[in-house]
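Quick note on the working numbering: the sequence shown kicks off at 1298 and runs consecutively.
Please read the structure below before turning to the comments.
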Amino acid sequence: MLGLCQCKNSPPILIEQPQDMIAELDKPMAIHCRTESSSLDDLHIDWYKDGRLVTTDPNARIITEFMALHIINTMPQDAGIYYCIAKNSYGQTQSRKARIQFLKLDKEFPVSPISTSASLGERIRLRCQPPYGSPNPIVYWIKDGKNLSVPLDHYDLILPSIQKSDFGSYRCIASNGLIRQSSIAYLTEFHRPKLTIQPSSSRIDLHRGQSIDLQCHINNDQYDIEWHFNNKIIR
């Protein structure tokens, strides 16, 4: 937006100057330079990046409007120092210099934590490798939606001795200004199945040709049972 300045015969006055910005790559961006001038007929605004005049891109990716510079789809090479110069027949005014930086953080985690079960006292490692980012993201973990303040082994979460309070849901979080969350992983308690073998005696004496019925009962039907004889599976 520009206005007519009440002061006569003077260079343009900048009432909104370009500001430092951290933006996301591959997204649209605009830098503003709002001006008041005693003469609107000959008012002209030029944009500069790293000291060089910015012109409208032939592919319309960069558009220099009267009061704003628009970048439709930002790219790494768009980072730099920007400023505008407003001119009229009475002189020119240069804006402050604004530093434009970009963030990038891919969406996919190369390695995400996997749900697992563990026994009390067991040592568990939940693995994570964050997505590529610029600048490099920091990594932290949340459990049941709350931040964990624990040291990490590279990006992995180590639980050295599982306690009841450790069971729950875990996420690996990557952040460099942008934030990405890994898939959720559940840590549940492993209950060792109870086996009952009949007959219960550890030694059974038989006569040649005599038959025997050995039975194995388990208190969890999620498990398969294998029989072994002399360290070989009986099929």
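Here a beta-carbon is modelled for each residue, glycine too, at the ideal position from N, C-alpha and C.
Only a predicted model underlies this, so the values are computations on that prediction, with no experimental measurement involved.
- The C-alpha of ARG1331 lies about 19 Å from the C-alpha of ASN1306.
- Excluding its 5 nearest sequence neighbours in each direction, TYR1437 has C-beta neighbours in its own chain below 6 Å: ILE1470, listed in chain order.
- Taking all protein chains in view, the Cβ of CYS1381 is crowded by 16 or more other Cβ atoms within 10 Å, so the residue is classified as buried.
- In the structure shown, LYS1461 falls within a helical segment according to DSSP collapsed to helix, strand and coil.
- Between ARG1468 and GLN1460, the beta carbon gap of about 20 Å keeps them out of contact (Cβ cut-off 8 Å).
- DSSP places ASP1403 outside both helix and strand once states are collapsed to three, so it counts as coil.
- Only residues of its own chain outside the window of five on either side were considered, and among them ILE1397 have a CB closer than 6 Å to the CB of MET1318, listed in chain order.
- Residue environment for TRP1344: buried (at least 16 other C-beta atoms within 10 angstroms of its C-beta).
- Spatial neighbours of LYS1324 in its own chain (CB-CB distance under 7 Å, excluding positions within 5 residues in sequence) are listed in chain order as THR1371.
- With fewer than 16 other Cβ atoms inside 10 Å of its own Cβ, ILE1481 counts as exposed.
- For PRO1315, the closest of LYS1529, ILE1476, ALA1383 and ASP1450 by C-alpha to C-alpha distance is ALA1383.
- With a 10 Å radius around the Cβ and a threshold of 16 neighbouring Cβ atoms, PRO1309 comes out buried.
- For THR1390 against LEU1337, the beta-carbon gap comes to about 15 Å, at or over 8 Å, which does not count as contact.
- When LEU1423, ILE1530, GLY1430 and ARG1500 are compared, the shortest CA-CA separation from GLU1321 is found for GLY1430.
- Per DSSP, reduced to three states, the secondary structure at GLN1374 is helical.
- Secondary structure of ARG1349 (DSSP, three-state): strand.
- When C-alpha distances from ILE1435 are compared across GLY1442, PRO1448 and ASN1527, the shortest belongs to PRO1448.
- In the three-state scheme derived from DSSP, where H, G and I count as helix and E and B as strand, ASN1444 is classed as strand.
- Shortest Cα-Cα distance from HIS1367 to any of PRO1410, HIS1329 and HIS1504 involves HIS1329.
- Scanning GLN1507, SER1386, LYS1529 and LEU1350 for the CA closest to the CA of SER1334 turns up SER1386.
- Look at HIS1329 here: in three-state DSSP terms it is strand.
- The residue from HIS1451, PRO1432 and SER1466 with its alpha-carbon nearest to that of GLY1442 is SER1466.
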